[in-house]
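Undergrad: In the working numbering, the protein residues as written are 36 to 122.
This is the structure I have questions about; it appears just below.
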Amino acid sequence: MSAKTVHLNTTTDVVAYIAATTAQAIANKGVDEHDLETVMHRMTSDRVLSQIRAAYLRRAQAGQHRPTAITKIGVGLITEYRTHYGI
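Structure (structure tokens):
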């Protein structure tokens with residue numbers, strides 16, 4: 036396994052990263068009708084992007100460790116997705 040460095044310079048970068056990595060994690064499970072294109076379309080809706088942004092800003096303003104905040108938001112988003120779509 037190799038490590039990679041991702042540079043997230045703005046809140047928009049963070050929001051896009053969370054949406055993309057979450058979509059990829061969900062799609063990688065191989066559930067019918069939840070391929071990368073479908074999941075990415077759902078993750079990049081205005082509503083979901085706004086929720087990601089709000090969650091990130093709350094955690095950032097509270098001084099939470101950035102990588103921890105990003106991980107927790109992603110995990111919560113996956114949980115919400117699975118509940119909403121019944122997978």
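Even for Gly, the Cβ is constructed at its ideal location relative to N, Cα and C.
Pull up the distance between the alpha-carbon of M75 and that of A58, whole angstroms please.
TA: The residue given as residue 75 occupies position 40 in the sequence shown. The residue given as residue 58 occupies position 23 in the sequence shown. Straight-line Cα distance between these residues: approximately 5 Å.
Undergrad: For A97, count the other beta carbons within 10 Å of its own beta carbon; 16 or more makes it buried, fewer makes it exposed. Which is it?
TA: Residue mapping note: residue 97 aligns to position 62 of the sequence shown, counting from 1. Its Cβ having fewer than 16 others within 10 Å, A97 is exposed.
Undergrad: Examine the Cβ distances between the segment 69-86 and the segment 43-57 and report whether three or more of them are shorter than 8 Å.
TA: Yes: at least three Cβ pairs fall under 8 Å.
Undergrad: Report, in whole angstroms, the separation of the C-beta atoms of L71 and A62, which I expect to be a contact under 8 Å.
TA: Position 36 of the sequence shown, counted from the first residue, corresponds to residue 71. Position 27 of the sequence shown, counted from the first residue, corresponds to residue 62. The Cβ separation is near 4 Å, so the contact holds.
Undergrad: DSSP three-state label for Q99, please.
TA: Start at 1 with the first residue of the sequence shown, and residue 99 comes out as number 64. Q99 falls in the coil class under three-state DSSP.
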